[in-house]
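In the working numbering, the protein residues as written are 6 to 275.
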């Protein structure tokens with residue numbers, strides 16, 4: 006075995022010496038490194054004797070000694086190009102070296118205020134609800150009529166009431182009274198475009214006439230929603246009569262036009 010190994014080594018050494026003595030091929034440049042001829046069109050200035058790729062620039066070698074790919078930017082770290090359509094300033098990603106972060110500050114959202122729902126009244130839950138404390142629907146005042154006699158005073162007051170409400174579209178459904186002594190009148194009117202009716206009561210007392218708008222006492226067993234409509238209608242009628250009588254109609258109490266039912270007198274009238 007040793008003899009065979011020595012023979013191989015001698016053969017290999019002789020081959021190397023013979024190769025160094027061979028003359029260069031025609032057109033070859035023996036100055037190339039390693040004694041190998043350069044490839045046609047190659048640039049022996051490239052590291053390792055390898056020709057550059059077509060369209061590459063060896064004057065700016067890419068990091069790691071490899072040429073950059075066509076259309077890439079070697080300024081990215083690691084020599085890898087950014088993905089198409091990507092933006093290094095995307096919020097949530099750390100900024101690249103030498104790049105200022107342009108991520109906008111997240112807005113601070115204040116919690117929405119908690120609004121508690123408004124309590125629902127019993128009348129809104131049930132339109133037929135009957136309250137123990139229903140609003141007053143009786144209003145009244147004193148009329149200072151024209152005329153010298155009792156008959157003229159109550160007749161003049163009655164005519165003014167009819168004239169005022171007739172202009173507003175109210176119609177007379179019923180009329181009652183004491184026409185012998187000319188003491189009182191009771192008119193029942195129907196409201197226009199409504200099923201509601203109401204009373205206007207006149208009572209002569211001395212040289213004045215008491216006038217009441219509404220029933221003699223608060224209605225019992227009537228739903229609260231209807232009582233509210235009655236109150237609104239009676240106030241509307243009262244304001245119409247105040248405009249008709251002007252300064253001849255004054256409230257029962259100063260600044261108070263309501264005339265609640267008096268349980269001691271058993272009446273809402275003066």
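The beta carbon of each residue, even a glycine, is placed where N, CA and C say it ideally should be.
Note that this is a predicted model, so its numbers are computed, not measured.
Check	Outcome
Where residue 166 sits in the DSSP three-state scheme	helix
The stretch 109 to 121 in contact with the stretch 238 to 248 per 3-pair CB rule at 8 Å	no
Cβ shell of residue 188 (< 6 Å), same chain only, five flanking positions each side left out	209
Residue 199 versus 161, 274, 258, 231, residue with shortest Cα-Cα distance	231
Start and end residues, beta strand (DSSP E) containing residue 193	189 to 195
Close Cβ partners of residue 197 (< 6 Å) along its chain, the five nearest in sequence each way excluded	174
Contact under 8 Å by Cβ, residue 247 with residue 147	no
Residue from 203, 178, 163 whose Cα sits closest to the Cα of residue 277	There is no way to answer for residue 277, as the model of the chain reaches only from 6 to 275.
Same chain, Cβ closer than 7 Å to residue 267, neighbours up to 5 away in sequence not counted	273
Simplified DSSP state of residue 267, which is helix, strand or coil	strand
Beta-carbon proximity check, residue 236 vs residue 166, cutoff 8 Å	no
Top-ranked residue by Cα proximity to residue 150, from 252, 137, 261, 182	252
C-beta atoms of residue 214 and residue 144 nearer than 8 Å	no
Closest by C-alpha distance to residue 201, when choosing among 111, 178, 140, 271	178
Distance, residue 168 Cα to residue 222 Cα	26 Å
Between the CA atoms of residue 140 and residue 153 - distance to the nearest angstrom	38 Å
Option in 176, 170, 159, 233 with minimal Cα separation from residue 184	159
Nonlocal neighbours in the same chain, by C-beta distance under 6 Å from residue 181, ignoring five residues either side	191
Residue 143 - DSSP class collapsed to helix/strand/coil	coil
N-terminal and C-terminal residue of the alpha helix (DSSP H) that residue 227 is part of	Run containing residue 227: none; DSSP gives neither H nor E here.
Beta-carbon proximity check, residue 211 vs residue 135, cutoff 8 Å	no
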